[in-house]
Amino acid sequence: MTTERSQSLTHLARIGFSRLAEADRDLGELEELLALEREALTAPAARSADPDAAVSAMTRIARRDARALRALHADADGWAAVWALLGASSGFADFYLRHPEELSHLVAAGRSLPTEEELRASLLESVDAEDGFAVDPDERSWVALRIRYRRQLAAIAAYDLLSASPVDEVALVAARLADAAGAALEASLCVARARVVRGLPGTGGFPREQVAGTRLAVIGMGKTGARELNYVSDVDVIFVAGADEVVLAEAGESRVVDIATRLAVQTMRGISGAEIEPPLWEVDANLRPEGKQGALVRTLDSHLSYYDRWAKSWEFQALLKARPIAGDRELGDEYVRAVQPKIWTSAARENFVDSVQRMRERVTEHIPAAEVPYQLKLGPGGIRDIEFTVQLLQLVHGLSDDRIRQRGTLEAIDALVAQGYIGRADAATFSHDYRVLRLLEHRVQLRQLRRTHLMPERPDERRVLARASGLAESGEKVWELWEKIKREVRDIHVRLFYRPLLSAVASLHEEERSLSPAQAHDRLAAIGFTDPVGALRHIASLTTGLSRGATIQRHLMPVMIRWFADGVDPDYGLLAFRRISERLGATPWFLRMLRDSSGAAESLTRVLSSSRYVGELMEWIPESAAWLDDPELLQPRSGVALQEEARAIQSRHASIEDAMRSVRGLRRRELLRIAMAGILGTLTIEEIAHALTTVTEVTIQATLRAVRREVVPEEDSALDFSVIAMGRFGGGELGFGSDADVMYVYRANGVDPQRAHELSLQLVAGLRKHSEDHRVPLDLDAGLRPEGRNGPMARSLAAYGEYYRRWSLSWEAQALLRARGVAGSTKLIRAFTELADDVRYPATVDPQGLREIKRIKARVENERLPQGADPARHLKLGPGSLSDVEWLVQLLQLEHAHRVPGMRTTSTMDALRAARDAGIVAETDAQRLADAWRLASRLRSANTLLSGQTSDVLPTDRKKLDGIGRLLGYPPRSATAVEEDYLGATRRARRVFEKLFYG
4 MTTERSQSLT
14 HLARIGFSRL
24 AEADRDLGEL
34 EELLALEREA
44 LTAPAARSAD
54 PDAAVSAMTR
64 IARRDARALR
74 ALHADADGWA
84 AVWALLGASS
94 GFADFYLRHP
104 EELSHLVAAG
114 RSLPTEEELR
124 ASLLESVDAE
134 DGFAVDPDER
144 SWVALRIRYR
154 RQLAAIAAYD
164 LLSASPVDEV
174 ALVAARLADA
184 AGAALEASLC
194 VARARVVRGL
204 PGTGGFPREQ
214 VAGTRLAVIG
224 MGKTGARELN
234 YVSDVDVIFV
244 AGADEVVLAE
254 AGESRVVDIA
264 TRLAVQTMRG
274 ISGAEIEPPL
284 WEVDANLRPE
294 GKQGALVRTL
304 DSHLSYYDRW
314 AKSWEFQALL
324 KARPIAGDRE
334 LGDEYVRAVQ
344 PKIWTSAARE
354 NFVDSVQRMR
364 ERVTEHIPAA
374 EVPYQLKLGP
384 GGIRDIEFTV
394 QLLQLVHGLS
404 DDRIRQRGTL
414 EAIDALVAQG
424 YIGRADAATF
434 SHDYRVLRLL
444 EHRVQLRQLR
454 RTHLMPERPD
464 ERRVLARASG
474 LAESGEKVWE
484 LWEKIKREVR
494 DIHVRLFYRP
504 LLSAVASLHE
514 EERSLSPAQA
524 HDRLAAIGFT
534 DPVGALRHIA
544 SLTTGLSRGA
554 TIQRHLMPVM
564 IRWFADGVDP
574 DYGLLAFRRI
584 SERLGATPWF
594 LRMLRDSSGA
604 AESLTRVLSS
614 SRYVGELMEW
624 IPESAAWLDD
634 PELLQPRSGV
644 ALQEEARAIQ
654 SRHASIEDAM
664 RSVRGLRRRE
674 LLRIAMAGIL
684 GTLTIEEIAH
694 ALTTVTEVTI
704 QATLRAVRRE
714 VVPEEDSALD
724 FSVIAMGRFG
734 GGELGFGSDA
744 DVMYVYRANG
754 VDPQRAHELS
764 LQLVAGLRKH
774 SEDHRVPLDL
784 DAGLRPEGRN
794 GPMARSLAAY
804 GEYYRRWSLS
814 WEAQALLRAR
824 GVAGSTKLIR
834 AFTELADDVR
844 YPATVDPQGL
854 REIKRIKARV
864 ENERLPQGAD
874 PARHLKLGPG
884 SLSDVEWLVQ
894 LLQLEHAHRV
904 PGMRTTSTMD
914 ALRAARDAGI
924 VAETDAQRLA
934 DAWRLASRLR
944 SANTLLSGQT
954 SDVLPTDRKK
964 LDGIGRLLGY
974 PPRSATAVEE
984 DYLGATRRAR
994 RVFEKLFYG
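All residue numbers for the sequence shown refer to our numbering, where the first residue is 4 and numbers rise by one.
This is the structure:
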């Protein structure tokens, strides 16, 4: 018996119970009350935030009405929902203890959320509303309303708590809570109308016709208006009065306002007043004109008069969220339309930004010191930091951009990032952290169904919060998450909320926004900007205001605009500069560098206006701007230095995902460094190719190390595995956007051959998976392996030897001319190189093999060109282009490398120089081939740098062609010159190719 009880308690602990003896006793009682076995009772307990609290509540409810609870057990969804609700909320436990009959409405709970229409219909039904009036004006209607509201609240909470990813449901849940609040106010207003007609105490008593003809719009403010409400929160409202013409003529405006005021008072009382059923939440009308001292209800004209004459800046910020939620919808919409222009011009008020910033600081200052570490909403790094930041950005930039005029915080964040006002990384962090903070807020409020914004202090309550939110495995971990988010949010808030550029934009006078831009528009269009309006917006954001940063930008901007205009794409260059400036807005060195180093400023405009490839990478790595002030920092880093950094990265990260994320960051950073240097002309095409090859080698080496640790167990550590670079990668001739051609070789070294092969394939798969980079793709292409794409992905060294000895085709020997080991076992690489040398540098050449290579080359020219492509413009496969030069050099290597050691190289240009020095190729012919190869390589890389996309075709678009030419050092408007130079160089190279290749 003792053993069975011990096992039972162990099971309870495993599914989340902590007060085991008490839980065991309560479950025993429940078994008797409900006539159910324990296993059936506790099936959903593991998903309950606090199973102890849940089973305690169930026991109390069962003592009062066991049938209601037993009936619910028949529905799996309902039974899971009651465990979730009672485990997360003692408030719901109290509700069901008061009203156990409400348990029946949990059947099928958690599957979906009630719609706005369903919520409104249900709550109106609860008061028997007909034509806007409740049938019964007595307090019984308010009680029925509150019970029905909590029924719907339970449906929302069940869906929320049972969601697989509640953090992703935050926005939808908050919207439904706001809809439920609006529906409750609508139903309470129906009761209020009935009470005012009946003349109950405090209502005055008015004819039904006058009450019906009095228009009262309830405007939701704050989170209610934005449809991002909490479970238990003050519902901020403003009341607007009106009347139809008949009532207005009969009763007069004063009487209409009196009726509307009594309706408002009764509506609020129905929600918040003391009754048998506890209040729902506080209806807060203090955001109305003049606050608590002002009239509770005003007409629309009275509201507008106040906003025109007396309103303070914070009142317009509050109006940002205004939305009709109950009462006369037409009047509510009219109110919102009327205040919109006032909201979006409020930022032009004197010292508007300073006043908003100071208001946020006052909120923080008034938090009791003991609460600051626990404040989810008001404290540093809390919800208010996000909301104030987003609202200030909206109000300032919304002066001229209606695309960011959103009510909801998350929608506003999306709009702000879409329009370039905040960076993607900051927006993603803000959006994620806002959802997490709101989820935590929801859960702490659910706990007792009361208004609170404090993280729990006690460890046991933090444990419940962790289980309820699904955000962490323990109370300690959820607290760590909270601390991390506070730091993230506060950092972004400080950088964005106190951005000097906000004051600059806000301080523009109306005439500056409407007149000066017209003159600037024409000027920008004249010097080459295709979107002068967008350029003006960027310039205004960067230069206006009294801050030191804005002053420096004003000094720089005239000449920088000219430099941008001299570039290939001035519009993109200016946009990228603005984004980088905003990302680096909190770093004093950036503008100081641009001001004090004219070379850096000009170089920055040049790289940004010349290359989307660079601009997009710089947006993610904005600190790279510092390289422009130091020529040494633009030099490619050595392979040794990169290897050391990659190894250090891997030693710091426990998981392969984290390590490879950092390795990808290293690769992107170095690609950006090389691209910037290439655009500025500090590197030759050969230096660029070498640097790109080095970065790719280091990336593959780091990836292989990480994957091998994951794939190859200690007992199979004798396995040798290597990556062999092929094609342009093997030749050390990569360009921007080039694939990395590779082959994979292994040697078992005593490991079971089948096991060695399987492990090698796993290594290949891991390499391909973990080298992927969606931003700057790295494609490991094994298409040059024996048998091409039909051959195995990896072979043993012996299998390679056997294949090349028995079945190797001429093109495969040709492909081996570029083979070079780059990663893995150095011993195996040496052995493979010896094997390859015997195949690629034969003592005697098979004439049939050479004829086959020539035949394949002719077929490639006819078949591999993309459909519709002009052969003369194809940089890789066109006549006289890269493939002609490379195939010719490779043919000469097969014929002569055995006797000419200098030609035993994987480099096309080195082999060509050796052939020239050996007298195999005439000096003039060699020069023509080299010129065409270099120009095609440069054009290919320039094409990628310009557009950020890989293409092997010389564009026909004159603007793009001119842009490519500018990257190569041609003067402006040189599209024709670029085209003629390329076509001329390839024609000359083609003649040499045909003479030497085909004879």
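Ideal Cβ positions, reconstructed from N, Cα and C, are used throughout, including at glycine. Computed from a predicted model, the values in this text were never measured in an experiment.
- Its Cα nearest to that of P281, the residue R101 stands out among G1002, R101, T118 and R867.
- Assignment of M61 by DSSP, reduced to helix, strand and coil, places it in the helix class.
- Secondary-structure assignment with DSSP links S477 through no beta bridge to anything.
- D841: member of the alpha helix (DSSP H) spanning T829 to R843, first to last residue.
- Annotated three-state conformation of L986 is helix, per DSSP.
- Distances from the CA of F433 to each of E285, A471, L468 and K487 were compared; the closest alpha carbon is that of K487.
- Residue nearest to S125 within the set E104, I150 and V110 is I150 (criterion: CA-CA distance).
- Membership of A743 in the beta strand (DSSP E) is indicated by the continuous run A743 to R750.
- For H456, the three-state secondary structure derived from DSSP is coil.
- The Cβ atoms of R114 and A177 do not sit closer than 8 Å to each other.
- A distance below 8 Å separates the beta carbons of L452 and G94.
- Residue range S316 to L322 is occupied by the alpha helix (DSSP H) that includes L322, with no beta strand (DSSP E) assigned at that position.
- Annotated three-state conformation of H773 is helix, per DSSP.
- Under DSSP, the beta-bridge partners assigned to L219 are A244.
- Proximity to S658 across V617, L631, R672 and R708 peaks at R708, based on C-alpha coordinates.
- For the pair A816 and V888, the CB atoms are not nearer than the 8 Å cut-off.
- With a 10 Å radius around the Cβ and a threshold of 16 neighbouring Cβ atoms, D928 comes out buried.
- DSSP places P169 inside the alpha helix (DSSP H), whose first and last residues are P169 to R201.
- Here DSSP, grouped into helix, strand and coil, assigns L737 to coil.
- About 5 Å separates the beta carbons of D331 and A220, which is inside the 8 Å limit, making them a contact pair.
- DSSP lists I222 as the bridge partner or partners of P327.
- Secondary structure at E40: coil, using DSSP grouped into helix, strand and coil.
- Counted as a single uninterrupted DSSP element, the alpha helix (DSSP H) harbouring V714 occupies residues I688 to V714.
- Inclusion of S725 and V701 in the CB contact set at 8 Å is not warranted, their separation being larger than that value.
- Within the same chain, and ignoring the five residues on either side of P292 in sequence, the residues whose Cβ sits closer than 6 Å to its Cβ are Y309.
- Taking 4 residues as the minimum length, the alpha helix (DSSP H) runs contained wholly in the segment 91–161 are 93–101 and 119–129, in order along the chain.
- Looking from the CA of I856, the closest CA among L891, R798, D27 and T302 belongs to L891.
- In terms of Cβ geometry, T227 and A181 form a close pair [threshold 8 Å].
- In chain order, G883 place their CB closer than 7 Å to the CB of R990, counting only its own chain and leaving out the 5 sequence neighbours on each side.
- Residue burial is scored here from C-beta neighbours: P140 has at least 16 other C-beta atoms within 10 angstroms and is therefore classed as buried.
- Just so you know, the alpha carbons of A603 and S950 end up roughly 23 Å apart.
- Under the three-state reduction of DSSP output, L398 falls in the helix class.
- Non-local C-beta neighbours of R823 in its own chain, meaning closer than 6 Å and more than five positions away in sequence, comprise A728, G733 and T909, ordered along the chain.
- 8 Å or more divides the Cβ of L379 from the Cβ of L468.
- Between R941 and E736, the alpha-carbon positions lie close to 11 Å from each other.
- As a beta-bridge residue in DSSP terms, G824 pairs with I727.
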